[in-house]
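>
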Amino acid sequence: MDIVFATNNLHKLAEVRDMLPDNFRIVSLNDINCHEDIPETSDTLEGNAMQKARFIHEKFGKNCFADDTGLEVTALDYEPGVYSARYAGEQRNSDDNMDKVLRKLKGKTDRTARFRTVIALILDGEEYLFEGKVNGTIINERKGQNGFGYDPIFVPEGFDKTFAELSAHEKNSISHRARAVANLIQFLKNTEVK
Numbered sequence: 112m113d114i115v116f117a118t119n120n121l122h123k124l125a126e127v128r129d130m131l132p133d134n135f136r137i138v139s140l141n142d143i144n145c146h147e148d149i150p151e152t153s154d155t156l157e158g159n160a161m162q163k164a165r166f167i168h169e170k171f172g173k174n175c176f177a178d179d180t181g182l183e184v185t186a187l188d189y190e191p192g193v194y195s196a197r198y199a200g201e202q203r204n205s206d207d208n209m210d211k212v213l214r215k216l217k218g219k220t221d222r223t224a225r226f227r228t229v230i231a232l233i234l235d236g237e238e239y240l241f242e243g244k245v246n247g248t249i250i251n252e253r254k255g256q257n258g259f260g261y262d263p264i265f266v267p268e269g270f271d272k273t274f275a276e277l278s279a280h281e282k283n284s285i286s287h288r289a290r291a292v293a294n295l296i297q298f299l300k301n302t303e304v305k
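Numbers 112 to 305, taken from our numbering, label the letters of the sequence shown in order.
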């Protein structure tokens, strides 16, 4: 089954392609000649994910899914949340974003956080939402070269390494996106496509 993943993030595309079984083929925005910026103006992860999926479905008429992910830091009232990608400004720079989180956490003892991914699926005109979460801790300095975003400062629960220190395979087996995608795949396996 072909299904469009409404993202321009090549890291996410590769990560999700690695997780899907062979009977699903992820089609990129590039593959359907969608080169415009898809709006993300909601103040919730659920809203942004659905907004992106609806944009593709309405414009291209394809089965599709979109995701939105946020880092939610307990001591920062769950910031950056829906603003994770642009937390330190519209330039969407991961280093600046991590610096801002670390600066705001200075002197705070509660460093618990979670990554949360919401996937919105539109299949044969019907809309569905799936979620995945992983709890963890924000450390004081960056560690590791893998991953992207906030991965170098986030240690998942039960591990002593950051997401950026884990291999792609290790991260994909436990990540928030992996859990949301697993819920999506389980649903797709049990669904008859019209």
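Just so you know, even glycine gets a beta-carbon here, dropped at the ideal spot from N, CA and C. Everything numeric in this text was worked out from a predicted model, so none of it was measured.
#1: Within 8 Å, do at least three Cβ pairs link the region 186-197 to the region 135-147?
#2: Taking the beta strand (DSSP E) that D210 belongs to, which residues open and close that run?
#3: Which same chain residues end up closer than 8 Å to C175 when comparing Cβ atoms and leaving out the 5 residues on each side of it in sequence?
#4: Output the boundary residues of the alpha helix (DSSP H) element that contains L124.
#5: Since R288 is in the alpha helix (DSSP H), which residue starts that stretch and which ends it?
#6: How do the region 202-220 and the region 240-248 stand: do at least 3 beta-carbon pairs fall below 8 Å, yes or no?
#7: Figure out for me which residue from A199, I137, L121, F274 has the closest Cα to the Cα of L295.
#8: With DSSP collapsed to three states, give me the class of I149.
#9: Under the rule that 16 or more other beta-carbon atoms within 10 Å means buried, what is M112, buried or exposed?
#10: Per DSSP, T180 forms a beta bridge with which residues?
#11: Would you report the Cα separation of E237 and N119, rounded to the nearest angstrom?
#12: Where does E252 sit, in a helix, a strand or coil, going by DSSP?
#13: Secondary structure at Y239, three-state DSSP: helix, strand or coil?
#14: Using three-state DSSP, classify F135 as helix, strand or coil.
#15: Does the distance from the CB of I264 to the CB of T273 come in under 8 Å?
#16: Report the rounded CA-to-CA distance for L124 versus S139, giving the unit in angstroms.
#17: Do K215 and the ligand MN come close, with the Cβ less than 7 Å from some heavy atom?
Walking through what the data contain:
#1: no
#2: Looking at the DSSP string, D210 is not in any beta strand (DSSP E); the run it does join, the alpha helix (DSSP H), is 205-216.
#3: I114, V115, F116, A117, A164, I167, H168, L232, I233
#4: 121-130
#5: 287-300
#6: no
#7: I137
#8: coil
#9: exposed
#10: T228
#11: 23 Å
#12: coil
#13: strand
#14: coil
#15: yes
#16: 8 Å
#17: Among the components of this structure there are no ligands whatsoever, and the ligand MN is therefore not found.
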